[in-house]
Amino acid sequence: MEAIAKKDLVEELNAKLGVPIPQGDRLVDALVESIKQKLLDGNQVVLKDFAAIKIVEKKAQIVKDPETGHQYISPAENVVSFVPIDSFQRAIESAKLSSILLAVPSNDPFARVIEFHFSRVGWKVHIVNDMASCQKVLAQSGAYLTIVDFALPDSQGLIQEIKGTKSTSMVPLIALYPAEKDPERCADFMVLGDEYLVEPFEVYTLLMLAESELARSSEEEVIFDQQVNFQFGTSEENIERANDLGAKLFKSSGLDEEGQTAMAAAFREAITNAGAHGNRDNPEKLIKVLYLLDKEKITVVVQDEGTGFDHESYAVRAQTKSAEDAARERHASGGQGGLGLKLMLRCCDRVEYNDVGNMLTLTKLLAKSPAPATA
């Protein structure tokens, strides 16, 4: 849940009504102070289409200490009563509590089957039939789980929009694919959901997968601000699409402009190497990317389907030799380049390969730690 500060409200006044920032700051302060004083004077403040607010006395009562079992009298105290009214109350009732968003083509008979089974176990199901409606529901009331059918027009664009936007990225997303689009074999550029099913499948399987995704997300949303999985067959077009998506993710991550440029350069090098050296430019072989954003850093994992390489010797050479020497030595041994790993080491805070050498992890801190003060 994002905390909204006063400056956010002031900026919204500026954006929506053109109120200058200094004037908006004073207006917000004056409004808050006025409401506080009215409440302290014993009045009820009623804001149309929002809430009725007042200070009420909570009577003294006998309560039991849950640890010792002893009873004691809790003193009377004043508390704030906040009662939503009118359209705000209706908005709360239709909010994401226990809600599932199902994005399917119009008149899809399977949608009612899914709705019936989820409703039986207490879920409220919102069915939408286009990208705009899905985005509207997510923006206004949210959802605890989104299910997207590949048959929905521009389903891939919708999945990319949901996962590529920080505010909706951590909503669990299950994608439903026809057999010919099975991500295990399809070489299309695909932004993936958190899980997927390939037709045909049993509704029971979808229910179980939804349950496990909800449990997983409740743990991971505490750790991560954004998670995006995407993959693509090895081609120049797909690599450029991956670079474009990477650049958008880095831009919204919180990195400064210099950091974005550095991370984009390292990422470009990583996926280019994965395609050329790992997959040998075979368009049927996949490059898989995992992007993770937390409060402190960006982590990008790039994996190819190659057999790997002796990355330790390359790492030693990149860390100990100049760029010119590294390139010269690589060329003398019959290879080309020699600058890629050195570039990634300079652009990122950490560069790590798995044991085989076909999986690379790039880590970039969002903000550098300040240098220690010197006497």
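The opening position of the sequence shown corresponds to residue 1328 in our numbering, with each subsequent residue numbered one higher. Cβ atoms here follow ideal geometry from the backbone N, Cα and C, with glycine treated the same way.
The beta-carbon distance between A1592 and C1674, rounded to whole angstroms, is 5 Å. This is short enough to meet the 8 Å contact definition. In the three-state reduction of the DSSP assignment, K1386 falls in the coil class. Under the 8 Å Cβ criterion, the region 1464-1473 counts as touching the region 1485-1505, having at least three qualifying pairs. DSSP places S1426 in the uninterrupted beta strand (DSSP E) bounded by 1426-1430. Three or more beta-carbon pairs separated by less than 8 Å are not found between the region 1441-1449 and the region 1479-1498, which leaves the two stretches without contact. Pairing A1514 with G1560 gives a Cβ-Cβ distance under 8 Å.
Put simply, the region 1544-1557 does not touch the region 1445-1459. Fewer than three CB pairs are less than 8 Å apart. Here A1430 is not near L1340, since their CB atoms are 8 Å or more apart. Secondary structure of F1377 (DSSP, three-state): coil.
For the pair D1476 and L1503, the CB atoms are nearer than the 8 Å cut-off. Within the DSSP bridge table, the entry for G1560 names L1613 as partners. For R1673, the enclosing alpha helix (DSSP H) stretches over residues 1667-1674. When C-beta atoms of the region 1625-1639 are compared with those of the region 1676-1689, three or more pairs fall below 8 Å, so the two segments count as touching. Sequence-distant Cβ neighbours of I1348 in its own chain, meaning closer than 7 Å and more than five residues away, are V1337, N1341. Y1531 and L1367 have their alpha carbons spaced roughly 55 Å apart. A direct Cα-Cα distance of roughly 41 Å separates D1583 from L1533.
Residue environment for Q1554: buried (at least 16 other C-beta atoms within 10 angstroms of its C-beta). S1408 has K1381 as its beta-bridge partners, per DSSP. Secondary structure of H1453 (DSSP, three-state): strand. Out of E1540, K1615, R1595, the CA that lies nearest to the CA of L1670 is found in R1595. In the structure shown, the three-state DSSP call for Q1364 is helix. When DSSP states are grouped into helix, strand and coil, Y1531 belongs to the helix group. The Cβ-Cβ distance between E1522 and E1540 falls below 8 Å. Between G1667 and G1635, the CB-CB gap reaches or exceeds 8 Å. About 5 Å separates the Cβ atoms of F1516 and R1568, confirming a contact at the 8 Å cut-off. For K1624, no alpha helix (DSSP H) encloses it; the enclosing beta strand (DSSP E) starts and ends at 1624-1630.
With fewer than 16 other beta carbons inside 10 angstroms of its own, V1383 counts as exposed. The shortest C-alpha to C-alpha distance from N1405 to any of G1369, F1377, V1373 is the one to G1369. Of the candidates R1353, P1610, L1358, N1556, the residue whose Cα lies closest to the Cα of E1564 is P1610. For A1470, there is no enclosing beta strand (DSSP E), since its DSSP letter is neither H nor E. In the displayed model, D1481 falls within coil according to three-state DSSP, outside both helix and strand.
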